[in-house]
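Residue numbers (our numbering), protein chains in the order written: chain G, 1114 to 1453; chain U, 1114 to 1453.
A virtual CB, placed ideally from N, CA and C, is assigned to each residue, including glycine.
All of these numbers come straight from a predicted model, not from anything done at the bench.
Here's the structure, in structure tokens; my notes come after.
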DNA sequence: CCGGCGACTGCAACCGAGTGCATCCCGGGG
DNA sequence: CCCCGGGATGCACTCGGTTGCAGTCGCCGG
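Rendered as structure tokens:
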């Protein structure tokens, strides 16, 4: 026999399907006699009964799934978040439907439609793109959602993001403690909120700590990539910038610095120290291992799941956002400057 | 109004719901008058009608989703496969439900049950674990499935896996062409099929090319990890093995070699060349960049999707397995040996 | 002894789409 | 002129569970 249905259970227990349904559902179990309920439950799992979520969903308009929209699963940032989300959902019996958008807004729209038509009850969106339109529309349609790593502007959505500003400050403080005074910043693209926030945090940290706040020590990368990082550092160096340390917008940009170091025979950390951001995997395998700011991706994921479940449970609940503390992972790419 | 239903469309088009259903479904469209069909279709998309897959699934027992079982999404091997799978599915209108098992067979069982209860039509299993029982049971239950990166023994399931033997041969040939004759192999654990296959391939390649087939040049790692790799290489070196190159069971093991090189002041590639396996991300950032065998993960994913769709379409079709050709990515960790 | 209340349980109508079968209508052939 | 055939469409039931409502029964108080 195929998987038994509710009616099979009911029949085997000698009750009506409706009663069996109520007995099996903890929320309605109170409506049926304790003994009957017990009997039904026993029969149910002796038969190996598993309720069919499809059928249940048809009536209740609930599917037990949420959609997770990710720009690029191969970006090492996202898998830990995805796992965190799964973990956060599973306790509530929900599961996650993951989709990739490849940062293409057409694909994103299509994927989201597909999720919605599959009756996901909510969305966790981890996009870096600055495209409001789709998100805003979904928000208006009343689709419960949570944003990860990005706060939408213009409308209220619960979001959960790393405390980038505090992270940058940790990096700068670390370098300052080592004795660095002329610290450069290779900022991420200004088209991303992260890039802007980190750059701003860098400047105020430098100012607060009384370090040399020389505008010629800052430049912006066109992309979050190694090439852009290398280009940016070359630009600084060729401009004659006098620096002993670099705070990179993220790890990839820091990796670009490594390329320039090799190119020009610069020793790291002896000549220049570098701090990255994100703590990608395998950073400890580099020569030298990269000091970086670690983001608790997994926790961010579980928290996102929690927020979404809350929003699904009570759509009127005011949107609440969470800022996650970061930590500095000190490795071999930072040391005291060689010269004063 | 919420998303329109089939009945809304039917009413708006002035026909019965059944007719609308037939008109909208390409397979049954021939049963209805061409003009009626056209009209229904026009009304449907002017209303923005999207069939509800839940309802459809209830009747047809088809959900348009397949389950993808992955041991660990944070292992960089899997995300590209997952993307490939999604790509392969989307053309057919299917989507993927991803789950992590964390290599825990209890979790795996629970996750698979959850997938099954969500009416997935098939499973793509990318597990390294050697636990037949669950898989065999599913196979008996007639659940369509495809295995990735592993061939089950004992029963017939379509599987799709990289041609490890050919990959190892490429590596050995590359080293031989550079002039190496005493090549070591740090094999992966013998508990994994991959470990065994690669080791066997290594030996036959060495023999076929007439290189020094010294058994003291081979050893086995306890795990697929850097630590195990380092331990293994130390064992070889301490045993006085005379070698000029290493073929590592995978990239992590190769990374372990790097640690030993630093430890003992060995220059790579001047003193010893190393070849990895898998082409993990960011290998090109290492010092020196690691030469490795690349696996076309994405293609493997799309192919897995295709096989599964085939199996779903025709469950009686004999199981067919695919071996994927690999390629060698030559970087800086291999060079001609310093001495003969 | 009867009315009534409350605890259980059964009935039946859904949810939204798919589908076997009956029906209807129209044209053509006998 | 009638009947037959077949294309087009509608009816009604089904998938598996949920749920409002109604009915049953036992028990208590008046």
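Can you name the residues of chain G whose CB is closer than 8 Å to the CB of residue 1483 of chain U? Absent from the structure is residue 1483 of chain U, since the part of chain U shown begins at 1114 and ends at 1453.
Pull up the DSSP beta-bridge partners for residue 1393 of chain G, would you. Answer is none; residue 1393 of chain G lacks a bridge partner.
How should residue 1362 of chain G be labelled, buried or exposed, when 16 other C-beta atoms within 10 angstroms of its C-beta is the threshold for buried? buried
Sequence-distant residues of its chain with Cβ nearer than 6 Å to residue 1221 of chain G (five each side left out): 1214
Cross-chain neighbours of residue 1195 of chain U in chain G, by beta carbon under 7 Å: Those are 1186, listed as they occur along chain G.
What three-state label does DSSP hand residue 1059 of chain G in the structure shown? With chain G covering only 1114 through 1453, there is no way to say anything about residue 1059 of chain G.
Identify, in the order they occur along the chain, each residue of the same chain with its Cβ nearer than 6 Å to the Cβ of residue 1259 of chain G, setting aside the five sequence neighbours on each side. 1237, 1271, 1417, 1420 and 1421
Between residue 1211 of chain U and chain G, is any beta-carbon pair separated by less than 8 Å? yes
Does DSSP classify residue 1287 of chain U as helix, strand or coil? helix
Suppose you measure from the CA of residue 1231 of chain G to the CA of residue 1180 of chain G; what does that come to, to the nearest Å? Residue 1231 of chain G and residue 1180 of chain G: Cα-Cα distance of roughly 9 Å.
If I follow the unbroken beta strand (DSSP E) through residue 1272 of chain U, where does it start and stop? 1272-1275
Expected contact under 8 Å - CB spacing of residue 1382 of chain U and residue 1446 of chain U to nearest Å: 5 Å
Does DSSP classify residue 1453 of chain G as helix, strand or coil? Because residue 1453 of chain G sits at a pLDDT of 45, beneath the cut-off of 50, its placement in the model cannot be relied upon, and the following sentence gives the value as read from the coordinates. Collapsing the DSSP output to three states places residue 1453 of chain G in coil.
beta-carbon residue 1403 of chain U near the ligand MG non-hydrogen atom, thresh 7 Å: Within the structure as shown, the ligand MG is missing, as the structure has no ligands at all.
For a test of the three-state rule: what should DSSP assign to residue 1212 of chain G, helix, strand or coil? strand
Alpha carbon of residue 1127 of chain G to alpha carbon of residue 1164 of chain G, nearest angstrom: 18 Å
Please work out which residues of its chain come closer than 6 Å, Cβ to Cβ, to residue 1186 of chain U, disregarding the five sequence neighbours upstream and downstream, and give them in chain order. 1213
Could you pull out every residue in the same chain whose Cβ sits closer than 6 Å to the Cβ of residue 1453 of chain U, ignoring the five residues on either side in sequence? Summary for residue 1453 of chain U: the model assigns pLDDT 45, below 50, so the residue's position carries little reliability; its value from the coordinates is reported in the next sentence. Cβ neighbours of residue 1453 of chain U beyond the five flanking positions: none.
Could you tell me if residue 1399 of chain G is buried or exposed, where buried requires 16 or more neighbouring beta carbons within 10 angstroms of its beta carbon? buried
Less than 8 Å between CB atoms is the rule here; does residue 1453 of chain G satisfy it with respect to chain U? Bear in mind that the predicted position of residue 1453 of chain G carries a pLDDT of just 45, short of 50, making it too unreliable to give a figure here.
Opposite residue 1230 of chain U in the DSSP bridges: which residues? According to DSSP, which records beta bridges pairwise, residue 1230 of chain U is partnered with nothing at all.
Are any of the Cβ atoms in chain G nearer than 8 Å to that of residue 1390 of chain U? With 8 Å as the cut-off, residue 1390 of chain U does not count as an interface residue toward chain G.
Coarse secondary structure for residue 1361 of chain G, derived from DSSP in three states: strand
If you count every other CB in all the chains shown that lies within 10 Å of the CB of residue 1353 of chain G, and 16 or more means buried, which is it? Counting C-beta atoms within 10 angstroms of its own C-beta, residue 1353 of chain G has fewer than 16 neighbours from the protein chains shown and is therefore classed as exposed.
Spatial distance of residue 1279 of chain G from residue 1314 of chain G (CA atoms): 8 Å
What are the boundary residues of the beta strand (DSSP E) that includes residue 1183 of chain G? 1178-1183
Could you work out which residue in U/1283, U/1177 and U/1320 is closest to residue 1235 of chain U when comparing CA atoms only? U/1177
Local conformation of residue 1194 of chain U per DSSP, three classes: helix
Does any residue of chain G bring its CB to less than 8 Å from the CB of residue 1446 of chain U? no
Quick one, which of U/1434, U/1410 and U/1451 has its alpha-carbon nearest residue 1288 of chain U's? U/1451
Contact set between the region 1337-1371 of chain U and chain G, restricted to residues whose Cβ is under 8 Å from the partner: Using a CB distance below 8 Å, the part of the region 1337-1371 of chain U facing chain G consists of 1339, 1368 and 1371, ordered along the chain.
Under 8 Å by beta carbon: chain U residues contacting residue 1399 of chain G: 1398, 1399 and 1400
Secondary structure, alpha helix (DSSP H): runs of 4+ residues fully inside the region 1332-1378 of chain U: 1339-1351 and 1364-1377
For residue 1123 of chain G and residue 1170 of chain U, what's the separation of their Cα atoms in angstroms? 23 Å
Out of curiosity, what's the CA-to-CA distance linking residue 1331 of chain G and residue 1394 of chain G? When the Cα atoms are used, residue 1331 of chain G and residue 1394 of chain G turn out to be separated by approximately 27 Å.
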